[in-house]
Structures are given as structure tokens and as C-alpha cells.
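Working notes, structure below.
In UniProt numbering, the protein residues as written are 1 to 258.
Here you go:
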């Protein structure tokens with residue numbers, strides 16, 4: 001039991017650190033323990049820093065956005081979420097599926113916002129996309145909770161934070177130490193792979209990498225974010241997959257009815 005509590009404590013520290021670093025503005029970056037992963041990298045150019053600083057604002061202006069999440073917890077257990085999030089209201093809804101070594105363990109609907117998440121089974125007469133099904137689940141049908149420390153909760157919490165209603169300051173952002181890591185092609189489009197800001201207090205010239213990595217296109221569009229959590233076999237991957245303009249997302253079941 002003591003070993004398990006220590007493991008959870010370490011994960012809680014790592015998750016809190018990664019979420020703090022998700023806020024790109026320098027004022028929101030706090031100290032956290034870096035993982036020991038090393039990559040060939042270089043400082044961002046002025047143009048790259050400008051695009052990174054614009055990325056959260058660009059995402060905010062997209063409107064409701066299709067998103068997906070994949071989190072591996074080890075032992076063959078994988079959680080996937082496919083949904084839609086509206087950064088203007090901070091509401092999101094979709095479906096989840098948990099797969100174990102022997103196949104699907106559980107699946108259903110999920111809603112989340114900045115305050116937490118709720119899980120439910122689809123209505124018996126459910127039809128259409130998950131975000132529409134979620135609107136027909138009564139409040140009593142949701143099992144809701146604040147965000148915890150497991151990869152699903154951490155990933156959904158990070159997704160809720162990614163959009164921002166104003167650009168970050170590119171000069172301050174560049175000074176906080178994000179690094180250019182390379183370039184990748186995703187579905188026929190080129191993206192710069194950029195590590196997140198370094199923590200306050202990190203030594204200049206250190207080689208440890210941020211647990212967050214961003215994929216940014218030539219227009220400042222954010223396509224993917226990965227988050228490494230100490231003790232897990234693979235990063236949690238968040239994909240931003242384009243606008244879903246017709247989405248009308250339900251209010252979270254824990255929110256006060258208006």
C-alpha cells in the first residue's frame with residue numbers, strides 16, 4: 001500500500017507540473033521536475049516563437065473543434081476519447097473507450113469542462129454523434145467528478161486549457177525556453193514539432209526536455225500535443241482535428257442550471 005501511495009504521489013506531481021506548463025504565457029509557467037528525455041533541438045526563431053504564441057488564440061477562434069485523446073497506462077490498458085470542444089464556452093462532449101489486453105473493457109459517453117468530467121452510458125434510443133447523445137442523458141445518469149491524476153483526467157484537463165482568447169507574448173514566450181525539435185507531416189500537412197516552455201529555475205543550457213510537445217503549422221494552427229507523465233509507457237496524445245461548426249454542446253451535469 002505504501003508503494004502504491006508513493007507511485008500515486010509521484011504521478012500527481014508530474015500531472016500537476018505538465019498542466020501548469022500547458023499555459024504557454026510565461027506568467028503561468030511554474031517549476032516542476034523535468035523528465036530525463038533528451039532530443040536534438042535548437043532555440044526557436046522569431047517567426048517560430050510568433051506562431052507558437054498565436055497557436056492557442058488560433059485554436060480558440062476555430063469554433064467547436066473535433067478532438068481525440070489516446071492514453072496508455074501500462075499493462076495493455078489504453079483509453080481513447082473522441083469528441084468536440086468549444087473553447088468559447090469551455091464545454092466538451094464525446095465518447096470514451098477503454099481497451100484492455102483481452103479487448104474492450106468499458107465504453108460510453110463523456111462530458112468535461114474546466115471543472116471536471118462526467119461519464120455515462122448512452123440512452124437506449126441513442127442516435128447520432130456522441131455530443132448529441134450526451135444532451136439526452138439526464139443529470140442522474142452521469143457519474144461526475146473533479147479531475148484526478150490518471151492519464152484520462154490529465155488529458156481532458158489539458159484539452160480544456162489549450163484554447164485562449166488572446167495570443168501569448170512571443171518575446172516572453174521565447175525567453176521561457178521552448179525548443180524546435182523537428183518537422184513532421186500529418187495528413188499531408190507540415191508541422192513544426194516544438195517543446196513546451198522550460199520551468200523557472202532550470203539551468204541555462206540544460207538538456208532535459210519539457211513533458212509537453214506541440215505540433216504547429218505555418219499559420220499558427222495547433223494540430224497535436226503530447227504529454228509525458230513519469231512512470232507511464234508512452235505520452236498521452238491529444239489531436240485537434242478541425243472544426244465542427246454545427247456542434248451544440250450540453251452543459252456539464254455538475255454545473256448550476258441556468
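Quick reminder that beta carbons are idealized off the backbone N, C-alpha and C, glycines included.
As the structure is a prediction and not an experimental result, all values here were calculated from the model.
- Message: Quick check: the Cα distance between residue 116 and residue 56, rounded to an integer number of angstroms?
- Response: Distance between the alpha carbons of residue 116 and residue 56 is about 21 Å.
- Task: May I ask which residues mark the beginning and end of the alpha helix (DSSP H) holding residue 87?
- Result: Looking at the DSSP string, residue 87 is not in any alpha helix (DSSP H), and its letter there is neither H nor E.
- Query: Can you tell me the Cα-Cα spacing of residue 181 and residue 42, whole angstroms?
  - Reply: C-alpha separation (whole angstroms): 7 Å.
- Item | Closest by C-alpha distance to residue 195, when choosing among 47, 93, 52 | Checked all of 47, 93, 52; the closest Cα to residue 195 is 52.
- Report whether the distance from the Cβ of residue 165 to the nearest heavy atom of the ligand MG is below 6 Å. Because no ligand of any kind appears in the structure shown, any question about the ligand MG cannot be addressed here.
- Could you pull the start and end residues of the alpha helix (DSSP H) that residue 170 belongs to? Unbroken alpha helix (DSSP H) run through residue 170: 170-175.
- Query: So what's residue 155 in DSSP terms, helix, strand or just coil?
  - Reply: Helix, per DSSP.
- Message: Measuring straight from C-alpha to C-alpha, what distance separates residue 188 and residue 223?
- Response: Rounded to whole angstroms, residue 188 to residue 223 spans 12 Å at the Cα level.
- Identified DSSP bridge partners for residue 71: In DSSP, residue 71 forms a bridge with 79.
- Item | residue 48 burial status per 10 Å Cβ neighbour count (16 or more: buried) | Its Cβ being crowded by 16 or more others within 10 Å, residue 48 is buried.
- Message: Helix, strand or coil, according to DSSP, for residue 99 in the structure here?
- Response: Here residue 99 sits in strand by DSSP.
- Task: Within 10 angstroms of the Cβ of residue 101, are there 16 or more other Cβ atoms? Answer buried if so, exposed if not.
- Result: Burial call: exposed.
- Query: Can you find at least 3 beta carbon pairs, one from the stretch 125-142 and one from the stretch 212-226, that sit closer than 8 Å?
  - Reply: Here the stretch 125-142 does not lie against the stretch 212-226, with fewer than 3 beta-carbon pairs under 8 Å apart.
- Task: Determine, using beta-carbon pairs with one atom in the stretch 152-162 and one in the stretch 111-126, whether at least three such pairs fall under 8 Å.
- Result: Judged by pairs of C-beta atoms under 8 Å, the stretch 152-162 touches the stretch 111-126, as three or more such pairs exist.
- Message: Short of 6 Å in beta carbon distance, which residues of its chain neighbour residue 118, apart from the five on each side in sequence? Order them along the chain.
- Response: Cβ-Cβ distances below 6 Å link residue 118 to 111, 142, 144, 253 in the same chain, with the five nearest sequence neighbours on each side left out; the list follows chain order.
- Assign residue 130 to one of two classes, buried (16 or more other C-beta atoms within 10 Å of its C-beta) or exposed (fewer than that). With at least 16 other beta carbons inside 10 angstroms of its own, residue 130 counts as buried.
- Query: What are the partner residues of residue 40, as DSSP defines its beta bridges?
  - Reply: Residue 40 is not bridged to any residue.
- Going straight from the alpha carbon of residue 239 to that of residue 90, what length do you get? Their backbone Cα atoms lie some 17 Å apart in a straight line.
- Determine the extent of the alpha helix (DSSP H) in which residue 52 is found, giving its start and end residues. 46-60 is the span of the alpha helix (DSSP H), which, as asked, contains residue 52.
- Message: If you follow the beta strand (DSSP E) that residue 143 is in, where does it begin and where does it stop?
- Response: Where residue 143 is concerned, the enclosing beta strand (DSSP E) stretches over 143-145.
- Query: Going along the chain, which residues of its own chain have a beta-carbon closer than 6 Å to the beta-carbon of residue 83, five neighbours each way excluded?
  - Reply: Counting only Cβ-Cβ distances below 6 Å, and skipping sequence neighbours, we find 67, 92, 93, 94.
- Task: Return the first residue and the last residue of the beta strand (DSSP E) that residue 215 is part of.
- Result: Here the beta strand (DSSP E) through residue 215 covers 212-216.
- Task: Could you spell out the range, first to last residue, of the beta strand (DSSP E) harbouring residue 247?
- Result: Segment: none, residue 247 is in no beta strand (DSSP E) and carries neither H nor E.
- Task: Check each candidate in 220, 173, 138, 79 and name the one with the smallest Cα separation from residue 103.
- Result: Comparing alpha carbon positions, the residue from 220, 173, 138, 79 closest to residue 103 is 79.
- Query: Any idea if residue 40 is buried or exposed, counting beta-carbon neighbours within 10 angstroms, 16 or more meaning buried?
  - Reply: Residue 40 comes out exposed.
- Task: Return the CA-CA distance between residue 148 and residue 120, expressed in angstroms with no decimal places.
- Result: Each residue's alpha carbon lies about 17 Å from the other.
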